[in-house]
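Q: Numbering (this note's numbering), first residue to last: 249 to 520.
See the structure below:
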């Protein structure tokens, strides 16, 4: 395989900014053109099939990242998913974050006046996290698997070991700088919730992302929302209360379909 088979590459430049904005494959670009053209034709019924189409996006995400059986939400980006998630948690929770962390992770904690402390991001980041958890009671660890400035990567297997040592700790991870670089199993990760934007290494453009929540964390969130009545409108009757926060309105089929196409290509080529 050559990259030029799948991406429109220039002979004039060497593109080195996938960590900021990944290129979209030829296949995904063609799919977008075809979908846009067909979706708005008077004769088509694609507009009535949005729910079933978006279900195929979730199926692809579950298959590629081994998240079958867990909750999957389609979101416009990481930031919306993460901010909405921490708003569902008790306000007296204590958070642990990394110094110099991605603003969309740290700033929502600051603006909500939540209690937090930080650890240094260096070659001993895993040891720093463990030491901080021993020193101060912490409810939630929020962390990018790959730090956006330094490129420092936390070994994904670390989270499972951490969960064994601190079983009550909630681990909320940003996969935007990580997913798409190698194989990843959400089920085996030890991470409670993982959110990701698709515009970086997933090469899916802007306006798409997703949130994965494991079964145990979902049960906790459902319990925290137990006093809120379920939707009664006919077209919302299948939604849980939790669903109404993360998918409150329409979901863009073009953006999420681009994510599906990109993941399908990666799945065919393999992450190895």
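Just so you know, even glycine gets a beta-carbon here, dropped at the ideal spot from N, CA and C.
Please read all numbers here as calculations on a predicted model, not as lab measurements.
1) Between the Cα of residue 273 and those of 387, 253, 265, spot the shortest distance and give me the residue it belongs to.
2) Can you tell me where the beta strand (DSSP E) with residue 458 in it begins and where it stops?
3) Enumerate in chain order the residues of its own chain whose CB-to-CB distance from residue 426 is below 6 Å, with the five nearest sequence positions on each side excluded.
4) Where DSSP assigns a beta bridge to residue 345, which residues make up the other side?
5) Excluding the 5 residues flanking residue 298 on each side, which residues of the same chain have their C-beta closer than 7 Å to its C-beta?
6) To the nearest angstrom, report how far apart residue 275 and residue 514 are at their CA atoms.
7) Kindly give me the distance between the Cβ atoms of residue 345 and residue 334, rounded to whole angstroms, as I take these residues to be in contact under 8 Å.
8) Could you give the DSSP three-state label for residue 333: helix, strand or coil?
9) Threshold first: 4 residues or longer. Then list the alpha helix (DSSP H) segments lying entirely within the stretch 429-483, N to C.
10) In terms of alpha-carbon separation, which member of 458, 396, 518 lies closest to residue 268?
11) Where does residue 378 sit, in a helix, a strand or coil, going by DSSP?
12) Could you tell me whether the stretch 448-460 touches the stretch 472-492, where touching means 3 or more Cβ pairs closer than 8 Å?
13) Rounded to whole angstroms, what is the Cα-Cα separation between residue 440 and residue 408?
14) Have a look at residue 364 and residue 357 and give me their C-alpha separation to the nearest angstrom.
15) Assign residue 303 to buried or exposed, taking buried as 16 or more other Cβ atoms, counted over all protein chains shown, within 10 Å of its Cβ.
16) Tell me, please, whether the stretch 409-425 touches the stretch 283-300 by the rule of three or more beta-carbon pairs shorter than 8 Å.
17) For residue 422, write down the residues that DSSP places opposite it in a beta bridge.
18) In the structure shown, what three-state DSSP assignment does residue 492 receive?
19) Report all residues from its chain with a CB closer than 8 Å to the CB of residue 470; omit the five preceding and five following residues, and keep chain order.
20) Between the alpha carbons of residue 473 and residue 339, how many angstroms are there, rounded?
21) Here's the rule I'm using: 16 or more other beta-carbon atoms within 10 Å means buried, otherwise exposed. How should residue 351 be labelled?
22) Under three-state DSSP, which class holds residue 288?
23) Just to confirm my understanding: we take residue 374, look at its own chain, exclude 5 residues before and 5 after, and list those with CB closer than 6 Å. What are they?
24) In terms of residue numbering, what span does the alpha helix (DSSP H) encompassing residue 323 cover?
25) Determine the closest residue to residue 325 out of 519, 518, 495, 516, with distance taken between C-alpha atoms.
26) So the alpha helix (DSSP H) residue 311 belongs to, where does it begin and stop?
27) Measure the Cβ-Cβ separation of residue 341 and residue 388 and say whether it is below 7 Å.
A: Taking the coordinates as given:
1) Per the C-alpha coordinates, the member of 387, 253, 265 positioned closest to residue 273 is 253.
2) Element bounds for residue 458: 457-461.
3) In the same chain as residue 426, and ignoring 5 residues on each side of it, the C-beta atoms closer than 6 Å to its own belong to 393, 394, in chain order.
4) Looking at the DSSP assignment, residue 345 forms a beta bridge with 366.
5) Taken in chain order, the residues that qualify are 501.
6) Here the C-alpha atom of residue 275 lies approximately 11 Å from the C-alpha atom of residue 514.
7) So it is not a contact: roughly 11 Å between Cβ atoms.
8) The DSSP-derived three-state label of residue 333 is helix.
9) The stretch 429-483 is shown to contain whole alpha helix (DSSP H) runs of 4 or more residues at 463-472, in chain order.
10) The candidate whose alpha carbon is nearest that of residue 268 is 396.
11) Per DSSP, reduced to three states, the secondary structure at residue 378 is helical.
12) These segments do not touch.
13) One alpha carbon belongs to residue 440, the other to residue 408, and they sit about 10 Å apart.
14) Computed Cα separation, rounded: 8 Å.
15) Only exposed fits residue 303, as fewer than 16 other CB atoms lie within 10 angstroms of its CB.
16) Taking a cut-off of 8 Å on C-beta distances, the stretch 409-425 does not touch the stretch 283-300, as fewer than three cross pairs fall below it.
17) For residue 422, which the question treats as bridged, DSSP gives the partners 392, 443.
18) In the three-state reduction of the DSSP assignment, residue 492 falls in the helix class, which pools H, G and I.
19) Excluding positions up to five away in sequence, the list reads 488, 489, 490.
20) Rounded to the nearest angstrom, the two C-alpha atoms are 14 Å apart.
21) Exposed, since its Cβ has fewer than 16 Cβ neighbours within 10 Å.
22) Correct three-state label for residue 288: coil.
23) Taking C-beta separations shorter than 6 Å and ignoring five residues to either side along the sequence, the partners of residue 374 in its chain run 406, following chain order.
24) Run containing residue 323: none in the alpha helix (DSSP H); it sits in the beta strand (DSSP E), 319-323.
25) Closest option to residue 325, Cα to Cα, is 495.
26) Residues 298-312.
27) Their beta carbons are under 7 Å apart, which means residue 341 touches residue 388 by this criterion.
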